[in-house]
Amino acid sequence: MGSGVRVRHDDAAVWDVARPARPGRMAGVTMAGFRDRGMTPAGLRLIPHPAVTLALVFGAGPVVVDDAGRQRRGSLVAGLAFGPARVRRAEAFECVQVRLSPVVARAVLGVRPADLDGAVVALEDLWGREAARIGERLGGLSSWEDRFALTEALLARRREAGTPVDPEVAWAWHRIVAGRGRVRVDRLAAELGWSRKRLWSRFRSQIGLQPKRAAKLVRFDHAVHRLAAGQDAAGAAADCGYTDQSHLHRDVVAFTGVSPAAVAGAPFLAVDDRAWAWPRNLR
Numbered sequence: 001m002g003s004g005v006r007v008r009h010d011d012a013a014v015w016d017v018a019r020p021a022r023p024g025r026m027a028g029v030t031m032a033g034f035r036d037r038g039m040t041p042a043g044l045r046l047i048p049h050p051a052v053t054l055a056l057v058f059g060a061g062p063v064v065v066d067d068a069g070r071q072r073r074g075s076l077v078a079g080l081a082f083g084p085a086r087v088r089r090a091e092a093f094e095c096v097q098v099r100l101s102p103v104v105a106r107a108v109l110g111v112r113p114a115d116l117d118g119a120v121v122a123l124e125d126l127w128g129r130e131a132a133r134i135g136e137r138l139g140g141l142s143s144w145e146d147r148f149a150l151t152e153a154l155l156a157r158r159r160e161a162g163t164p165v166d167p168e169v170a171w172a173w174h175r176i177v178a179g180r181g182r183v184r185v186d187r188l189a190a191e192l193g194w195s196r197k198r199l200w201s202r203f204r205s206q207i208g209l210q211p212k213r214a215a216k217l218v219r220f221d222h223a224v225h226r227l228a229a230g231q232d233a234a235g236a237a238a239d240c241g242y243t244d245q246s247h248l249h250r251d252v253v254a255f256t257g258v259s260p261a262a263v264a265g266a267p268f269l270a271v272d273d274r275a276w277a278w279p280r281n282l283r
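Following the UniProt record's numbering, the numbering of the sequence shown begins with 1 at its first residue and continues without gaps.
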């Protein structure tokens, strides 16, 4: 697996998980490796996260994701706050999964997160034949260490050639993340010296969500990780700044389509602390 990479093989886990032994050099980018153990269930629900997710799939078997009735196959990109999506088929696959802060996603992907419109799209639709070539190169490597290095080099080249977001927009995103979603949009605008309308327009165009919905997504992410860790819904709601338990319930259903009790057992949340060992640096 490579001496610099840590791999977890838990008997009850859906996937073997690999992670780099140290943080990468690119701010706003984290990655992990996943290998199917023949236990990925059909209909597995994907959980939205406050990052744009890039899944570089390789291996013998297919990965098919159903997003609002549209099937996507192979390597994928999931936009911020995508609608309820499910894995329809996943067999004998491996992938490098990358979480891109929306501050860097525009430069890396070559499209604005807003252009993804909260959907799951095939990477081939964005990068053409390059998507297949990347999968072939990853599959030809024998260690996760080499795969992480290849992926980081690819992303670094694309970021250098891409278009960055406005520094004011990046600052507003950082403040939302640092405040765990408990930030007033009008206060952000005032600190920038912008009107609320200007902040809303620039943020929506470059990040992909309205500032208020971005804050809601960040708060949701903290809440569902508390639920996955075993905290009760009332406690998670209070700790994460919801007005009450029913407020948390509405947000969880809106983002996932299921109740807080159901989302707490999601396999993607169960492996989060192992796969993404470094602090969730979305800046």
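For each residue, glycine too, the CB sits at the ideal point set by N, CA and C.
Here Arg-88 is near Ala-42, since their CB atoms are less than 8 Å apart. For Met-39, the closest of Asp-273, Pro-267, Arg-274 and Trp-276 by C-alpha to C-alpha distance is Pro-267.
Approximately 29 Å separates the beta-carbon atoms of Gly-265 and Arg-147; this is outside 8 Å, ruling out the contact.
In terms of Cα proximity to Ala-254, the closest of Val-177, Arg-213, Ser-201 and Gly-139 is Arg-213.
Within the same chain, and ignoring the five residues on either side of Leu-227 in sequence, the residues whose Cβ sits closer than 6 Å to its Cβ are Ala-236, Pro-260 and Ala-264. Taken through DSSP and simplified to helix, strand or coil, Trp-15 comes out as strand. The region 61–132 is shown to contain whole beta strand (DSSP E) runs of 3 or more residues at 63–67, 70–73, 76–78, 85–90, 93–100 and 120–122, in chain order. By the neighbour-count criterion, in which 16 or more other beta carbons inside 10 Å mark a residue as buried, Lys-216 falls on the buried side. Pairing Cys-240 with Arg-180, the inter-Cα distance amounts to about 8 Å. By alpha-carbon distance to Ala-27, the top candidate from Gln-71, Val-224, Arg-19 and Leu-155 is Leu-155.
Around the Cβ of Gly-193, a 10 Å sphere holds fewer than 16 other Cβ atoms; the residue is exposed.
Bounds of the beta strand (DSSP E) holding Thr-30 are 29–36. In the same chain as Ala-170, and ignoring 5 residues on each side of it, the C-beta atoms closer than 6 Å to its own belong to Val-103, in chain order.
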